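Asker: Below is a structure I'd like to ask you about.
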Amino acid sequence: KQEVTQIPAALSVPEGENLVLNCSFTDSAIYNLQWFRQDPGKGLTSLLLIQSSQREQTSGRLNASLDKSSGRSTLYIAASQPGDSATYLCAVKLGSARQLTFGSGTQLTVLP
Amino acid sequence: DGGITQSPKYLFRKEGQNVTLSCEQNLNHDAMYWYRQDPGQGLRLIYYSQIVNDFQKGDIAEGYSVSREKKESFPLTVTSAQKNPTAFYLCASKYTGGLDEQFFGPGTRLTVL
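Structure follows, in structure tokens:
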């Protein structure tokens, strides 16, 4: 069974710092991996989707990488801003599965 | 505006009652999903539907029921058989082909009194 882990559970950084969020998964036979942002009491906003054949995806200040062989993905946020404060979740889809398996998220606080 | 809507935003239920959560999408997506989120945890899949009039159980389907009579709608009923229903419920949808990216609604917070 696929397990997805995100460490740390919470992270605080000063504004302007570059940071990396981590996501690890146990089954490397993934179809894709998706990073989401969740603000308190809200739904999930899709940030980046990486297909299994890709190594990274970029959107603005965000860059997500994927290393299937080591079972890891990272979300890099450049020049962090207080508005980036949220919980970031990663989710993995196995090739044979119909569903996503989610990590429990990293709660990010960017201090002004 | 295209998107996924969920209603109500907040729902209170007395023990022993059934309640139904609404999920509607106008994105012309084929697949729809219901997830449950508990504090500090990731999302867990309750039910999903790939096409109209068909749906499948997810990891935690006990105490829940769904229907998919229209492509746009995928309501979730939380029955009295669900022993711990207080949670945040999220609906999602996607195309069955293409990029395979899931999009989420704003959620419904259910509290049992």
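Sequence order for the protein chains is U and P. First residue of the first sequence: 1, per the working numbering; consecutive thereafter. First residue of the second sequence: 1001, per the working numbering; consecutive thereafter. Yeah, the Cβ is synthetic: ideal placement off N, Cα and C, and Gly gets one too. Just so it is clear, the structure is predicted and the values come from calculations on it, not from any experiment.
#1: In chain P, what lies closer than 7 Å to N32 of chain U by C-beta?
#2: Would you say K68 of chain U reaches chain P, if we count a Cβ-Cβ gap shorter than 8 Å as a contact?
#3: Under the rule that 16 or more other beta-carbon atoms within 10 Å means buried, what is R1036 of chain P, buried or exposed?
#4: Count the other C-beta atoms from every protein chain shown that fall within 10 angstroms of the C-beta of R55 of chain U, then say buried if there are 16 or more, exposed otherwise.
#5: Rounded to whole angstroms, what's the CA-CA distance from G1058 of chain P to C1023 of chain P? Just pull it up for me.
#6: Closer than 9 Å, Cβ to Cβ, to anything on chain U: give me those residues from the stretch 1048-1068 of chain P, in chain order.
#7: Please report the distance separating the alpha-carbon of G71 of chain U from that of T109 of chain U.
#8: Find out if the Cβ-Cβ distance for the pair W1034 of chain P, I1051 of chain P is shorter than 8 Å.
#9: Determine, using beta carbons only, whether K1070 of chain P and H1029 of chain P come nearer to each other than 8 Å.
Answerer: Short version:
#1: D1100
#2: Interface annotation, K68 of chain U: not in contact with chain P, CB-CB separation never under 8 Å.
#3: By the 10 Å Cβ count, R1036 of chain P comes out buried.
#4: Exposed, because fewer than 16 other Cβ atoms sit within 10 Å of the Cβ of R55 of chain U.
#5: 17 Å
#6: Y1048, Q1050, Q1056, G1058 and D1059
#7: G71 of chain U and T109 of chain U: Cα-Cα distance of roughly 26 Å.
#8: no
#9: no
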